[in-house]
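Peer 1: With the first letter of the sequence shown counted as 1, position 379 gets the number 379 in full-length UniProt numbering; the numbers rise by one all the way through.
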Amino acid sequence: MDDEYAKLLRRMNPPRVVIDNDSCEDATIIQVDSVKKHGILLHVVQVLTDLDLVITKAYISSDGGWFMDVFNVIDRSGNKVQEEEVINHIKKTLESDDISAPLLRRTVGLMSSEEHTSIELTGTDRPGLLSEVCAVLTDLHCNVVNAEIWTHNARAAAVVHVADDSTGYAIEDPKRLATIKALLCSVLKGNSDMRSPKMTLSPPGVTHRGRRLHQIMFADRDYVKVERVQGRAEEKGSSPQVTVFDCSEKDYTVITMRSKDRPKLLFDIICTLTDMQYVVFHGVVHTRRMEAYQEYYIRHVDGLPISLEAERERVVQCLEAAIERRASEGLELELCAEDRVGLLSDITRIFRENSLSIKRAEISTEGGKVRDTFYVTDVTGNPVDDKTIDSVRGEIGQSLLRVIPNSGSPVEAEGAKTIGCIFGSFFRAKSFQDSKLIKSCS
Numbered sequence: 001m002d003d004e005y006a007k008l009l010r011r012m013n014p015p016r017v018v019i020d021n022d023s024c025e026d027a028t029i030i031q032v033d034s035v036k037k038h039g040i041l042l043h044v045v046q047v048l049t050d051l052d053l054v055i056t057k058a059y060i061s062s063d064g065g066w067f068m069d070v071f072n073v074i075d076r077s078g079n080k081v082q083e084e085e086v087i088n089h090i091k092k093t094l095e096s097d098d099i100s101a102p103l104l105r106r107t108v109g110l111m112s113s114e115e116h117t118s119i120e121l122t123g124t125d126r127p128g129l130l131s132e133v134c135a136v137l138t139d140l141h142c143n144v145v146n147a148e149i150w151t152h153n154a155r156a157a158a159v160v161h162v163a164d165d166s167t168g169y170a171i172e173d174p175k176r177l178a179t180i181k182a183l184l185c186s187v188l189k190g191n192s193d194m195r196s197p198k199m200t201l202s203p204p205g206v207t208h209r210g211r212r213l214h215q216i217m218f219a220d221r222d223y224v225k226v227e228r229v230q231g232r233a234e235e236k237g238s239s240p241q242v243t244v245f246d247c248s249e250k251d252y253t254v255i256t257m258r259s260k261d262r263p264k265l266l267f268d269i270i271c272t273l274t275d276m277q278y279v280v281f282h283g284v285v286h287t288r289r290m291e292a293y294q295e296y297y298i299r300h301v302d303g304l305p306i307s308l309e310a311e312r313e314r315v316v317q318c319l320e321a322a323i324e325r326r327a328s329e330g331l332e333l334e335l336c337a338e339d340r341v342g343l344l345s346d347i348t349r350i351f352r353e354n355s356l357s358i359k360r361a362e363i364s365t366e367g368g369k370v371r372d373t374f375y376v377t378d379v380t381g382n383p384v385d386d387k388t389i390d391s392v393r394g395e396i397g398q399s400l401l402r403v404i405p406n407s408g409s410p411v412e413a414e415g416a417k418t419i420g421c422i423f424g425s426f427f428r429a430k431s432f433q434d435s436k437l438i439k440s441c442s
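#1: Determine the DSSP secondary structure at residue 199, reduced to helix, strand or coil.
#2: What would DSSP say about residue 308, mapped onto helix, strand or coil?
#3: Identify which residue in 333, 356 and 398 has its Cα closest to the Cα of residue 405.
#4: In the DSSP assignment, find the beta strand (DSSP E) that holds residue 331 and state where it starts and stops.
#5: Hey, residue 326 and residue 264 are a contact pair by Cβ (cut 8 Å); roughly how many whole angstroms apart?
#6: With C-beta atoms as the reference, is residue 159 less than 8 Å away from residue 137?
#7: For residue 186, count neighbouring Cβ atoms within 10 angstroms of its own Cβ and tell me buried if that reaches 16, exposed if not.
#8: If you reduce the DSSP assignment to three classes, tell me which class residue 208 lands in.
#9: What does the alpha-carbon distance come out to for the pair residue 361 and residue 175?
#10: Is the Cβ-Cβ distance between residue 143 and residue 225 less than 8 Å?
#11: Residue 73 and residue 44 look like a contact to me (Cβ under 8 Å); what is the Cβ gap, rounded to whole Å?
#12: Can you round the beta-carbon distance between residue 58 and residue 69 to whole angstroms, since I take them to be within the 8 Å contact cut?
#13: Which residue comes first and which comes last in the beta strand (DSSP E) that contains residue 54?
#14: Give me whichever residues DSSP pairs with residue 401 in a beta bridge.
#15: Leaving out five residues on either side along the sequence, give the residues of the same chain with a beta carbon under 6 Å from the beta carbon of residue 17.
#16: When you compare each of 150, 172, 329 and 304 to residue 250 by their alpha carbons, which one comes out closest?
#17: Am I right that residue 370 and residue 343 are in contact with their C-beta atoms under 8 Å? What's the rounded C-beta distance?
#18: Report yes if the C-beta distance between residue 258 and residue 281 is below 8 Å; otherwise report no.
#19: Starting from residue 390, follow the alpha helix (DSSP H) in both directions and report where the run begins and ends.
#20: What is the DSSP secondary structure of residue 109, counted as helix, strand or coil?
#21: To the nearest angstrom, report how far apart residue 215 and residue 402 are at their CA atoms.
#22: Can at least three beta-carbon pairs, one atom from the segment 286–301 and one from the segment 351–359, be found at a separation below 8 Å?
#23: If you compare alpha carbons, which of 267, 244 and 180 is closest to residue 212?
#24: Closest to residue 319 by C-alpha separation, out of 36, 134, 126 and 270, would be which residue?
#25: In the DSSP output, which residue or residues are listed as bridge partners for residue 156?
#26: If you measure between the beta carbons of residue 345 and residue 135, is that distance less than 8 Å?
#27: Beta-carbon within less than 8 Å of residue 166's beta-carbon, same chain only, minus the 5 sequence neighbours each way: which residues are those?
#28: When we look at the beta-carbon of residue 460 and count the other beta-carbons within 10 Å, is it buried (16 or more) or exposed?
#29: To the nearest angstrom, report how far apart residue 89 and residue 353 are at their CA atoms.
#30: What residues in its chain sit with their C-beta under 6 Å from that of residue 220, if we drop five residues either side in the sequence?
#31: Is it true that the CB of residue 390 sits closer than 8 Å to the CB of residue 384?
#32: Have a look at 394, 374, 336 and 376 and flag the residue whose alpha-carbon is nearest the alpha-carbon of residue 366.
#33: Name the two residues that bound the continuous alpha helix (DSSP H) containing residue 182.
#34: Taking DSSP as the reference, what is the three-state secondary structure of residue 134?
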């Protein structure tokens, strides 16, 4: 009965989106009002993130059955969102009553089952692992259409879409699929994997690829610190700072986070909180130069705040892992070339032969062209020297493989200036209220 009433309420009060490009000099302001529903905040952030928009500031509030968000956003070049097609897509998607509707791109199973086979992989990370996986797929006549690979705390996870290299369609023969699974699991296991590697053939669906990778790594317990990885992060001084404390007066748990800013950071945090079954009631997000600050007032979906110390520690671990998984560790390399069968296998083999370790990768193919991004270090996790990069580019092609300068996020240039102009007094008032609330909670 409650479910039917909630559906009726949503139909009577559909989501409303206001996009304002006039009131603020440096950012587009997007306001979303809707009936509250678990997962709606993640949906909104996901839509903006998948359009490559950078959220420089946000105010989140959901109380009394109603949800309201205000976002300051810019594109990757630091400009306002001006394209009508993008603005119309934001309004159409966010004003849809179905928050689980598939988005434009970057989703697992976005294409039909006839077009590709989706493979999920988890195992122990090691230098050359991606090269070995690609070599196996090439030997089995599988062409990688697109993929995303993450590594964190000595664990590796990937979502890979493959097609038969002769037909260009999905692989459906059960015996062939069993062979692919057996060989990939063998590669993932290596010689000393204490945890069982996994390979899953996932059916087409609407699970967002980034969200699925978070879920895979969370299930693999990558948030449990590995000593040598933790030590290296501390040496770099880049570890995120996450605190969790009680706010008994208001019956919330308060989470604060400071970390180096980067694209998709907000999505990664909200995704993790949502999948851990927490609801964000209030929140403030600020980016200033290269630092991001986030503050949330949360409860579990059952309406209760966090009460156990062990749960607090687990939340801290999981949020730190969510921040670190997509951190751009290593030198960024971009490959743009004509697609051909075995290209990815050849590229990753050259990396391996030059002692490069791939920490993260995004593989995409469209219109016969590949556009791949790799983040690489040497095998010890240290920066790659220029001679090695020159050698790799010489083998692959100087014009095909580019080194992307580490110029930082556009937030560094724009975020410090960006203020919520139209909602400026609103933000300031809320900040003042929050500061009083924090004092009462401390």
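Glycine is no exception: its CB is placed at the ideal position from the N, C-alpha and C atoms.
Everything numeric in this text was worked out from a predicted model, so none of it was measured.
Peer 2: Let me lay it out:
#1: Reduced to three states, the DSSP call for residue 199 is strand.
#2: Note: residue 308 maps to coil in three-state DSSP.
#3: If we check each option's Cα against that of residue 405, 333 comes out closest.
#4: According to the DSSP assignment, residue 331 belongs to the beta strand (DSSP E) that extends over 331–338.
#5: With a contact defined as Cβ atoms closer than 8 Å, residue 326 and residue 264 qualify at about 6 Å.
#6: Judged by their CB atoms, residue 159 and residue 137 are not nearer to each other than the 8 Å cut-off.
#7: Label assigned to residue 186: exposed.
#8: Taken through DSSP and simplified to helix, strand or coil, residue 208 comes out as strand.
#9: About 29 Å.
#10: In this structure, residue 143 sits away from residue 225, with a CB-CB distance that is not shorter than 8 Å.
#11: Not confirmed; about 11 Å, so no contact.
#12: Right, their Cβ atoms sit about 7 Å apart.
#13: Here the beta strand (DSSP E) through residue 54 covers 54–63.
#14: DSSP lists 335 as partners of residue 401.
#15: The answer, listed in chain order, is 32, 91, 94 and 95.
#16: Measuring from the Cα of residue 250, the nearest candidate turns out to be 304.
#17: In this structure, residue 370 and residue 343 form a Cβ contact; the two beta carbons are roughly 6 Å apart against a cut-off of 8 Å.
#18: Not closer than 8 Å, so no.
#19: Counting along the chain, the alpha helix (DSSP H) containing residue 390 begins and ends at 386–396.
#20: Below a pLDDT of 50, predicted positions are generally treated as unreliable, and residue 109, at 29, falls in that range; no measurement from the model is reported.
#21: Rounded to the nearest angstrom, the gap between the Cα atoms of residue 215 and residue 402 is 32 Å.
#22: By the Cβ rule, the segment 286–301 does not count as touching the segment 351–359, because fewer than three pairs are nearer than 8 Å.
#23: Taking residue 212 as reference, the option from 267, 244 and 180 with the minimal CA-CA separation is 267.
#24: The shortest CA-to-CA distance from residue 319 to any of 36, 134, 126 and 270 is the one to 270.
#25: Paired residue(s): 123 and 151.
#26: Annotated as proximal: residue 345 and residue 135, with beta-carbon spacing under 8 Å.
#27: If we look at residue 166 and ignore the five residues flanking it on each side, its Cβ neighbours are 141.
#28: Beyond the ends of the chain as shown, which are 1 and 442, falls residue 460; an answer cannot be given.
#29: Approximately 44 Å, taken between the alpha carbons.
#30: For residue 220, the CB contacts under 6 Å within the same chain, skipping 5 residues up- and downstream, are 122 and 155 in chain order.
#31: Taking 8 Å as the Cβ cut-off, residue 384 and residue 390 do not qualify as a contacting pair.
#32: The residue from 394, 374, 336 and 376 with its alpha-carbon nearest to that of residue 366 is 336.
#33: Where residue 182 is concerned, the enclosing alpha helix (DSSP H) starts and stops at 174–189.
#34: If DSSP states are grouped into helix, strand and coil, residue 134 belongs with the helices.
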